[in-house]
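Position 70, counted from 1, in the sequence shown is what this note's numbering calls 70; the numbers after and before it change by one each time, with no gaps.
Beta carbons: idealized from backbone N, C-alpha and C, even for Gly.
The structure appears below as structure tokens.
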Amino acid sequence: MSPAEQKEALAYLATLQSGVVTDALVRLGLDGWMDYVSPMQPEGRLVGRAVTVKYAPKRGTGGCKENLYSIIRRCQPGDVLIIDALGTDCWILGENVAHAALYGELAGIVLDGRVRDAAEIREMSLPVFCRGASVRPHAPFMELVDYNVPINCAGAQVHPGDIIVGDADGIVVVPASKLSEVMVQVRDIAALEKEQEEAIAQGKSLEVIGEILRRKKIKA
Numbered sequence: 001m002s003p004a005e006q007k008e009a010l011a012y013l014a015t016l017q018s019g020v021v022t023d024a025l026v027r028l029g030l031d032g033w034m035d036y037v038s039p040m041q042p043e044g045r046l047v048g049r050a051v052t053v054k055y056a057p058k059r060g061t062g063g064c065k066e067n068l069y070s071i072i073r074r075c076q077p078g079d080v081l082i083i084d085a086l087g088t089d090c091w092i093l094g095e096n097v098a099h100a101a102l103y104g105e106l107a108g109i110v111l112d113g114r115v116r117d118a119a120e121i122r123e124m125s126l127p128v129f130c131r132g133a134s135v136r137p138h139a140p141f142m143e144l145v146d147y148n149v150p151i152n153c154a155g156a157q158v159h160p161g162d163i164i165v166g167d168a169d170g171i172v173v174v175p176a177s178k179l180s181e182v183m184v185q186v187r188d189i190a191a192l193e194k195e196q197e198e199a200i201a202q203g204k205s206l207e208v209i210g211e212i213l214r215r216k217k218i219k220a
């Protein structure tokens with residue numbers, strides 16, 4: 001898929017609910033949804049390319065020379081920072097890192113861990129998805145060990161450049177190598193969703209609605 005085609009695909013995905021993307025992945029036999037991460041802002045919604053960050057238990061032997069601020073500086077506008085922090089109950093970032101991402105024009109942050117400065121982050125326009133808030137610091141226990149490498153974040157495998165879709169329901173990951181295939185299914189399912197809504201609104205028979213549901217499960 002060319003850069004122009006990818007840009008068009010991301011713009012289209014931004015108009016849809018994450019559930020449509022989930023249904024497309026199911027059709028293709030792919031697993032790409034995250035568990036236990038939710039938006040800090042009720043209206044939180046994001047679509048963008050993944051830049052990955054990996055944390056691990058602290059060994060005291062020297063971790064990655066980068067930090068979240070320097071990694072954010074390397075990001076492009078529209079990227080999504082995906083942080084694998086092993087589901088820790090510690091906070092990994094706060095208001096300052098979130099502001100750095102906002103000013104860097106990132107599309108959002110997804111964290112398999114917790115944040116501090118929760119009240120301030122909730123008021124920001126930058127979508128932040130995480131496991132919630134915490135006052136427990138991570139510094140004594142965890143360290144950043146790598147970035148832009150494949151990670152497992154909240155149960156989903158994420159590679160740099162994968163497409164991330166998030167809304168009130170959660171986060172879905174589309175492998176960049178499968179984006180063209182996924183988009184074929186996404187467009188078909190979106191059309192069937194509209195057809196189903198119209199059938200329900202018009203009081204169509206259960207047989208008609210059932211037939212639409214059957215077609216939604218069939219690969220386009």
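Among residues of its own chain, excluding the 5 on either side of Ala107, which ones have a beta-carbon nearer than 7 Å to its beta-carbon? Excluding residues within five positions, the ones whose Cβ falls inside 7 Å are Leu46, Val47, Gly48, Gly78, Asp79, Val80.
DSSP has Leu81 in a bridge; who is on the other side? Val51, Ile109
Can you tell me where the beta strand (DSSP E) holding Ala156 begins and where it ends? Membership of Ala156 in the beta strand (DSSP E) is indicated by the continuous run 156 to 158.
Using C-beta distances below 8 Å, list every residue in its chain close to Pro39, excluding the 5 sequence neighbours before and after it, in chain order. Arg45, Pro127, Val128, Phe129, Gly166, Asp167, Ala168
Starting from Ile114, follow its DSSP beta bridges and name the residues at the other end. Note on identity: in this sequence residue 114 is Arg, with Ile being the wrong assignment. Trp91.
At the level of alpha carbons, what is the spacing between Leu144 and Tyr69? Per the coordinates, the alpha-carbon of Leu144 lies some 12 Å from the alpha-carbon of Tyr69.
Indicate whether the contact test is met: 3 or more Cβ pairs, each with one atom in the region 9 to 25 and one in the region 131 to 145, closer than 8 Å. no
In this structure, what does DSSP give as the bridge partners for Phe129? Pro39, Val110
Just the Cα atoms here: how many angstroms apart are Ala242 and Asp117? Any question about residue 242 goes unanswered here, given that the chain covers just 1 to 220.
Pull up the CB-CB distance for Val186 and Ala24, whole angstroms please, since I reckon it's below 8 Å. 5 Å
My understanding is that Leu192 touches Ile212, with C-beta atoms under 8 Å, so please give their C-beta distance in whole angstroms. 6 Å
Environment of Ser2 [buried if 16+ CB atoms lie within 10 Å]: exposed
Quick one: what's got a C-beta closer than 7 Å to Thr22's C-beta in the same chain, skipping five residues either side? The residues are Trp33, Val172.
CA-CA distance, Gly238 and Val115? Because the chain in this structure spans residues 1 to 220, residue 238 falls outside the shown range and cannot be described.
Taking the beta carbon of Ser18 as the centre, do at least 16 other beta carbons fall within 10 Å, making it buried, or is it exposed? buried
Can you give me the start and stop residues for the beta strand (DSSP E) that Glu225 sits inside? A question about residue 225 goes unanswered here, because the residues of the chain that appear run from 1 up to 220.
Evaluate contact between the region 81 to 99 and the region 49 to 62, counting only Cβ atoms and requiring at least three cross-stretch pairs below 8 Å. Because the criterion of three Cβ pairs below 8 Å is met, the region 81 to 99 and the region 49 to 62 touch.
Have a look at Ala9 and Ile71 and give me their C-alpha separation to the nearest angstrom. 26 Å
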